[in-house]
Every structure is written in structure tokens, then in C-alpha cells.
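**Q**
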Amino acid sequence: MASSVFRVAAVAAGLVSAGFMAMVAPASAADLKVGVVDIGRLLSDSPQAKAAQISIESEFGPQQRELENRDRELKARMEKYERDRVAMSDAERDKQEKDLRDAQRDLERRAQEFRDDAQAKGRTETQRVNKVIFDEIKAYSRANGYDLVLTGGLQGGVLDYKDSLDI
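This is the structure we're talking about:
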């Protein structure tokens, strides 16, 4: 008895949900023009994204090379210290160790500042490129009569839709 009541309730719920879907479905689903955009590829391969990458590299490339050079110099100084420390006096050894520690801290601080600046610039450029690309997608969608434009991939979503689809 309980299972037949459950079946009747399930069938009724199915009919209600089917009726609801019929009310919200477009009048003519066959005429619905849908497009899908590989947004990941577009955001990485677009001319705007490539230009942003070049801009970031040209702005931060010299700083990165300078940090790499300082790192090599510090490593060379540390190696020299390790070779020569046996022949140094205690005072000279202490001074060299302090200088090396200070230089290491300074390099780490500069590297962190560089990373922070580069990441901030990267976020700004990404936001700018995203806005340009999404505006272009909307303009293309509307100019070509698309009713619905979706993103592909695992985290798909809606990029644009006609107001008539809004339930």
C-alpha cells in the first residue's frame, strides 16, 4: 500500500514538473539558436590575451632578470665564503655571515615584492581582457541572432541569452 502511494506521488510530481517545464520552455525549442564558446581557449589564445602577456613580460622581465642575477651573485658569495671561512678570523667570519644573511633577506623581500606586483598586474590584465572578450561575445551573439550562448568544458555556464529565455 505504501509503495503504491509512493508511486502515485512520484507520477504526480513528474506530471507537475513536466507541466512546469512546459510553461517555462520556449514556445518553439526547434527555433532556438544556441552557441558554445571554448572560453578557456579563447582567453589564452586571443590576441588580447597574448598582448596582455607581452605587456606583463616587457614590464616585469627586466626585474626578473635582475633578481636572477642577484640570486646567482649571492650563491657565488656563499660558495666563496664556504671555501674561505676556515682561513678567516672569528670577527671576519661573523661579519661575512651577517652580510650574507642580510643579503639573503633583502633578496627574498625583493622577490616577494616582485611576485606581488606581477600577480596584481596579471589580475588587472586578466580582468581587462575578460571584459573585452565577454563584451565581444555578447556583441557577436546579438549581431548573429543567438538565443543562448554557453561556455564549454566542465564548468560551463551562460555567457549570453535573450531576455525571452528569462523565466
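So the numbering used here is basically just the index in the sequence shown, starting at one, shifted up by 17.
A virtual CB, placed ideally from N, CA and C, is assigned to each residue, including glycine.
#1: Any idea what DSSP makes of Tyr163, helix, strand or coil?
#2: What did DSSP end up calling Gly170 once you bin it into helix, strand or coil?
#3: Out of Ala68, Asn161, Ala128 and Glu96, which has the shortest C-alpha to C-alpha gap to Glu114?
#4: Between Val166, Phe77 and Lys92, which lies nearest to Phe131 when the distance is taken from Cα to Cα?
#5: How far does the beta strand (DSSP E) with Asp177 in it extend, from its first residue to its last?
#6: Looking only at its chain, what residues have a beta carbon closer than 8 Å to the beta carbon of Leu84, apart from the 5 residues adjacent to it on each side?
#7: Could you check which residue in Gly173, Glu90, Val51 and Tyr157 has the C-alpha nearest to that of Gln121?
**A** Taking the definition as stated:
#1: The residue labelled residue 163 in the question sits at position 146 within the sequence shown. Tyr163 falls in the coil class under three-state DSSP.
#2: To locate residue 170, count along the sequence shown from 1; it is residue 153. Coil, per DSSP.
#3: Locating residue 114 in the sequence shown gives position 97, where the first residue counts as 1. Closest option to Glu114, Cα to Cα, is Glu96.
#4: Translated into the one-based positions of the sequence shown, residue 131 becomes position 114. The residue with the shortest Cα to Cα distance from Phe131 is Phe77.
#5: Reading the sequence shown from its first residue, position 160 is the one you call residue 177. Val175 to Tyr178 is the span of the beta strand (DSSP E), which, as asked, contains Asp177.
#6: Residue mapping note: residue 84 aligns to position 67 of the sequence shown, counting from 1. So the qualifying residues of the chain are Leu124, Arg127, Ala128 and Phe131.
#7: Translated into positions along the sequence shown, residue 121 becomes position 104. Here the closest residue by C-alpha is Glu90.
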